[in-house]
Amino acid sequence: MANCTNCSAPLPQDSIKCGYCGSRNDTDLKGVHYYTTHEIESDRTCPRCNIRLRTIDLNIHGKFFVERCDECLGFFFDPNELEALLEATVANVFTVNKSQLDSIKVPMRANEFSSFYIKCPICSRIMNRVNFGTNSGVIVDRCKDHGIWLDGGELRYLFEWMKAGGKLLQQEREEQQKQIKERELEREKRKNLDQDSSGGIYTESSSFDLFGGTLRSADPDLFGMVARALRFFMK
453 MANCTNCSAP LPQDSIKCGY CGSRNDTDLK GVHYYTTHEI ESDRTCPRCN
503 IRLRTIDLNI HGKFFVERCD ECLGFFFDPN ELEALLEATV ANVFTVNKSQ
553 LDSIKVPMRA NEFSSFYIKC PICSRIMNRV NFGTNSGVIV DRCKDHGIWL
603 DGGELRYLFE WMKAGGKLLQ QEREEQQKQI KERELEREKR KNLDQDSSGG
653 IYTESSSFDL FGGTLRSADP DLFGMVARAL RFFMK
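Numbering (this note's numbering), first residue to last: 453 to 687.
Right under this line is the structure:
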């Protein structure tokens, strides 16, 4: 359990606000990476607090700039930045801990953050709410053109999800879905080839009845007999 950086009291699991001194805690970045805050404010606005976001440098493999709100501690990531941060921060994960994944619960902090749709800090269009990584349990706000917004505390859960092998599990499921689709395409391809080889009408097992006898369409001599019989009766 994390402790308040101001009074050292234990923080509630479902909050970044200390219940003793009332301070908000930047628990997402504490102990993860050293970062510096730039004096110049970003030209982007927090979709929660309606104040200018602050540009910070996470110093990951050189300069790594993201925007953060000083009030609610939410983050805005440009496209692919969040994935890059998770990859750089959580390394050497080779197994899936399903029990740990099941124990990760992302609380609905209704008292702190509204569940209503919010606007993109760049284009001001309403963002879509999606489950990050399809199975992380963290519902992020995404603008398809400009990036992802995370409310304060959500980044911490994504770190835990990564450490428990959440991304590995996602990749395994994606590979399984890919194999299923490939098998379905192969079956469809074989089916089409069978239809083409039989002219789209008969297959090797096709048959029809003539005078109470069954003739196989695969036998060319039988077709000749039928044709001659028809010509005889038509004279």
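Beta carbons are placed, not taken as given, at the ideal position from N, Cα and C, and that holds for glycine.
Boundaries of the beta strand (DSSP E) in which residue i is found, first to last residue
| i | result |
| --- | --- |
| Phe-546 | That residue, Phe-546, is in no beta strand (DSSP E); it is neither H nor E in DSSP. |
| Asp-593 | 591-595 |
| Leu-505 | 504-509 |
| Arg-581 | 580-583 |
Outcome for residue i when other beta-carbon atoms lying within 10 angstroms are tallied against a minimum of 16
| i | result |
| --- | --- |
| Thr-497 | buried |
| Phe-663 | Here Phe-663 scores only 47 on pLDDT, less than 50, and its place in the model is too uncertain to base an answer on. |
| Ile-600 | buried |
| Lys-469 | buried |
| Ser-649 | exposed |
| Pro-573 | buried |
| Asp-646 | exposed |
| Phe-527 | buried |
| Phe-517 | exposed |
| Lys-619 | buried |
| Leu-602 | buried |
Integer-rounded CB distance, given that residue j should sit under 8 Å from residue i
| i | j | result |
| --- | --- | --- |
| Tyr-569 | Val-590 | Their Cβ separation, rounded to whole angstroms, is 16 Å, which puts Tyr-569 and Val-590 out of contact at 8 Å. |
| Phe-611 | Thr-547 | Incorrect: roughly 17 Å between the Cβ atoms, too far for contact. |
| Arg-520 | Ile-508 | 5 Å |
| Gln-552 | Ala-616 | 4 Å |
Secondary structure of residue i, DSSP reduced to three states
| i | result |
| --- | --- |
| Asp-603 | coil |
| Phe-516 | coil |
| Phe-611 | helix |
| Pro-573 | coil |
| Phe-529 | strand |
| Thr-497 | strand |
| Asn-587 | coil |
Boundaries (first-last residue) of the alpha helix (DSSP H) holding residue i
| i | result |
| --- | --- |
| Asn-644 | 618-649 |
| Lys-550 | 550-555 |
| Ala-540 | 533-541 |
Proximity test, Cβ basis, 8 Å: residue i and chain C
| i | result |
| --- | --- |
| Gly-617 | Annotation note: the requested chain C is absent from the structure, which comprises a single protein chain. |
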